[in-house]
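In UniProt numbering, the protein residues as written are 1 to 429.
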Ligand SMILES: [Zn+2]
């Protein structure tokens with residue numbers, strides 16, 4: 001374990017300049033403590049504001065505010081939200097360009113998350129949460145600016161607050177409540193009616209999401225137009241988001257053989273029932289549900305709307321291309337480490353393999369591969385393996401992920417031990 005941490009420091013001192021990187025522990029503790037007390041404060045203020053609501057709505061507001069803030073506090077406690085000073089400072093320097101939205105822009109608090117989803121979102125108390133892994137798909141600072149302007153757009157338009165209001169409105173709507181009660185009374189067709197009620201509620205929310213996304217896009221265009229950044233990069237960003245969930249660097253059985261030094265006789269370990277059911281159509285649509293940036297409407301529709309309003313063809317503007325490139329280069333490795341620190345050992349192993357496919361000699365990724373295999377071995381011993389190596393599902397996993405889960409599901413304890421030893425030996429300097 002000791003060796004492992006030395007390696008981290010070695011890696012960091014290579015990839016980041018010494019003066020910015022702060023080794024974790026103490027700084028982390030103070031940061032966490034301050035952030036949690038700020039969140040507690042905001043939660044208190046929102047819960048207090050619920051008292052001003054009409055009595056039938058008060059309790060629902062109260063519950064919603066509590067659960068929204070408690071889940072944020074949980075993310076801080078779990079270290080999912082973490083300190084990444086270089087990225088935070090960089091994002092702040094870009095946001096400072098949005099001077100036409102002075103107060104809103106100045107008040108934004110930037111938080112970085114280890115969540116692997118390529119996404120960013122606004123909380124209702126004005127915190128912009130940027131998932132570090134988003135950097136892996138952005139091509140330049142201009143696109144990062146477009147993401148931030150879109151999120152600032154949501155903030156300026158108070159979308160999070162409106163969503164909560166809408167939810168409360170739906171759940172206290174007399175007509176809907178009596179409709180639901182009616183359904184309870186009828187014995188026949190109960191399911192069907194309940195389903196259609198549910199559908200109308202979901203549809204209503206989707207319509208709201210759709211409107212919100214288009215409004216935020218328009219707002220981002222307005223914001224970007226008043227900076228040196230190019231508005232056409234908003235279109236490029238939407239284009240990237242459209243295909244961002246389609247895995248571009250899939251693993252093949254051949255990659256497994258190379259990366260894990262398998263023997264050709266091991267080919268049988270890749271067969272599983274589920275793989276044959278795989279279809280490439282709509283491969284990744286399930287992942288879009290939680291995404292605030294690319295849900296509804298489709299990116300294609302949004303591109304068309306923005307295209308008609310665009311018309312500013314500035315050159316791609318960059319305040320600091322060097323920092324962007326540096327952060328982007330570190331992003332995939334950072335993501336491997338983040339998944340490991342969040343104890344998602346299966347995911348971290350998978351990311352390590354994807355990285356090693358492109359960079360076979362990378363020592364950090366090779367070390368992470370070895371550490372993750374060790375964790376899986378421990379998990380096997382404590383009957384926790386299923387937490388990290390889940391059952392492959394063609395509806396949820398890309399073909400490459402299915403191959404990964406099938407292989408690690410098929411291997412015996414002795415085989416896993418062998419992989420752990422091999423990876424360790426390969427890592428010797
Ligand atoms: Zn959005």
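Using N, Cα and C, we set each Cβ at its ideal position, and we do this for glycine too.
Nothing here was measured: the structure is a model prediction, and the numbers come from that model.
Q: Out of 94, 61, 80, state which residue places its alpha-carbon closest to the alpha-carbon of residue 343.
A: Position 343 of the chain shown, counting from 1, holds the residue named residue 343. Taking residue 343 as reference, the option from 94, 61, 80 with the minimal CA-CA separation is 80.
Q.
I need the straight-line Cα distance from residue 381 to residue 28, nearest angstrom please.
A. Along the chain shown, one-based indexing puts residue 381 at 381. Along the chain shown, one-based indexing puts residue 28 at 28. Spanning the two alpha carbons is a distance of roughly 32 Å.
Q: Please state whether DSSP places residue 181 in a helix, a strand or coil.
A: Counting from 1 along the chain shown, the entry for residue 181 is found at position 181. Looking at residue 181 - three-state DSSP - the assignment turns out to be helix.
Q: Would you kindly check if the distance between the Cβ of residue 69 and the Cβ of residue 48 is under 9 Å?
A: For this step, residue 48 is matched to residue 48 along the chain shown. For this step, residue 69 is matched to residue 69 along the chain shown. No, they are not a contact pair.
Q: State yes or no: is the beta carbon of residue 418 nearer than 9 Å to at least one beta carbon in chain B?
A: The chain labelled as chain B is not found in the depicted structure, where only one protein chain is given.
Q) Is residue 158 near ligand 1, with its Cβ less than 8 Å from a heavy atom? A) The residue given as residue 158 occupies position 158 in the chain shown. Relative to ligand 1, even the nearest heavy atom lies 8 Å or more away from the CB of residue 158.
Q. Which stretch, first to last residue, makes up the beta strand (DSSP E) that contains residue 112?
A. Sequence index remark: in the chain shown, residue 112 carries index 112 (1-based). Its beta strand (DSSP E) spans residues 109-113.
(Q) Just to confirm, is the Cβ distance from residue 144 to residue 98 under 9 Å? (A) For the purposes of this step, residue 144 is identified with residue 144 of the chain shown, where counting begins at 1. For the purposes of this step, residue 98 is identified with residue 98 of the chain shown, where counting begins at 1. In this structure, residue 98 does not lie closer than 9 Å to residue 144 by Cβ.
(Q) Rounded to the nearest angstrom, what separates residue 100 and residue 338 at their Cα positions? (A) Position 100 of the chain shown, counting from 1, holds the residue named residue 100. Position 338 of the chain shown, counting from 1, holds the residue named residue 338. Rounded to whole angstroms, residue 100 to residue 338 spans 35 Å at the Cα level.
Q. Going by the beta-carbon positions, is the gap between residue 82 and residue 113 smaller than 9 Å?
A. Translated into the one-based positions of the chain shown, residue 82 becomes position 82. Translated into the one-based positions of the chain shown, residue 113 becomes position 113. Yes. Within cutoff.
Q.
I believe residue 310 touches residue 221 by the beta-carbon criterion, under 8 Å. Please report the beta-carbon distance rounded to the nearest angstrom.
A. One-based indexing of the chain shown puts residue 310 at position 310. One-based indexing of the chain shown puts residue 221 at position 221. Correct: roughly 7 Å between the Cβ atoms.
Q) How many Å lie between residue 167 and residue 379 at the Cα? A) Counting from one through the chain shown, the residue named residue 167 turns up at place 167. Counting from one through the chain shown, the residue named residue 379 turns up at place 379. Rounded to the nearest angstrom, the two C-alpha atoms are 41 Å apart.
Q: Output the residue ranges of the alpha helix (DSSP H) runs that lie fully inside the stretch 136-166 and measure 4 residues or longer, sorted by chain position.
A: If only complete runs of 4 or more residues are kept, the stretch 136-166 shows the alpha helix (DSSP H) at 141-156, in order along the chain.
Q. In three-state DSSP terms, what is residue 81?
A. Within the chain shown, numbered from 1, the residue matching residue 81 stands at position 81. Looking at residue 81 - three-state DSSP - the assignment turns out to be strand.
Q) residue 301: beta carbon under 8 Å from a heavy atom of ligand 1? A) Stepping through the chain shown from its first residue, residue 301 is reached at position 301. The answer is no for residue 301.
Q: Let me know if residue 416 comes out buried or exposed under the rule of 16 or more other beta-carbons within 10 Å of its beta-carbon.
A: Residue numbering aside, residue 416 sits at position 416 when the chain shown is read from its first letter. The residue is buried, with at least 16 neighbouring Cβ atoms inside 10 Å.
Q: Counting only the same chain and skipping the five closest in sequence on each side, list residues whose C-beta sits under 6 Å from that of residue 43.
A: Locating residue 43 in the chain shown gives position 43, counting from the first residue. These residues qualify, in order along the chain: 69.
Q) If you compare alpha carbons, which of 355, 260, 366, 165 is closest to residue 59? A) Counting from one through the chain shown, the residue named residue 59 turns up at place 59. If we check each option's Cα against that of residue 59, 165 comes out closest.
**Q.** Sequence ranges, alpha helix (DSSP H) only - wholly within the stretch 325-413, length at least 4
**A.** Counting only runs of at least 4 residues, the stretch 325-413 fully encloses the following alpha helix (DSSP H) elements, listed from N- to C-terminal order: 345-358, 363-381, 399-410.
Q. Does the distance from the C-beta atom of residue 318 to that of residue 179 stay below 9 Å?
A. Residue 318 sits at position 318 when you count from the first residue of the chain shown. Residue 179 sits at position 179 when you count from the first residue of the chain shown. Not in contact: residue 318 and residue 179 (Cβ atoms no closer than 9 Å).
Q. Taking the beta strand (DSSP E) that residue 130 falls in, what are its first and last residues?
A. As a working note, residue 130 is residue 130 in the chain shown. That run of the beta strand (DSSP E) goes 127-131.
Q) Roughly how far, in whole angstroms, is the beta-carbon of residue 349 from the beta-carbon of residue 373, given that I think they are within contact range, below 8 Å? A) Position 349 of the chain shown, counted from the start, is the residue given in the question as residue 349. Position 373 of the chain shown, counted from the start, is the residue given in the question as residue 373. The C-beta distance from residue 349 to residue 373 rounds to 7 Å, short enough to meet the 8 Å contact threshold.
Q: Please work out which residues of its chain come closer than 8 Å, Cβ to Cβ, to residue 305, disregarding the five sequence neighbours upstream and downstream, and give them in chain order.
A: Position 305 of the chain shown, counted from the start, is the residue given in the question as residue 305. So the qualifying residues of the chain are 214, 217, 218.
Q.
Using 8 Å for Cβ pairs, my map puts residue 389 next to residue 408. What's the rounded Cβ distance?
A. In the chain shown, the residue the question calls residue 389 occupies position 389. In the chain shown, the residue the question calls residue 408 occupies position 408. That pair is a contact at about 5 Å.
Q.
Does the beta-carbon of residue 212, which I'm using as the reference point, lie nearer than 8 Å to any heavy atom of ligand 1?
A. Taking the first residue of the chain shown as 1, we reach residue 212 at position 212. Indeed, a heavy atom of ligand 1 lies less than 8 Å from the Cβ.
Q | Residues near residue 57 in its chain [Cβ-Cβ closer than 7 Å; skip 5 each side] | A | Looking up residue 57 in the chain shown gives position 57. Same-chain partners within the cutoff: 168, 172.
**Q.** Candidates 52, 240, 46, 364: closest to residue 298 by CA position
**A.** Against the chain shown, residue 298 aligns to sequence position 298. Cα-wise, what sits closest to residue 298 is 240.
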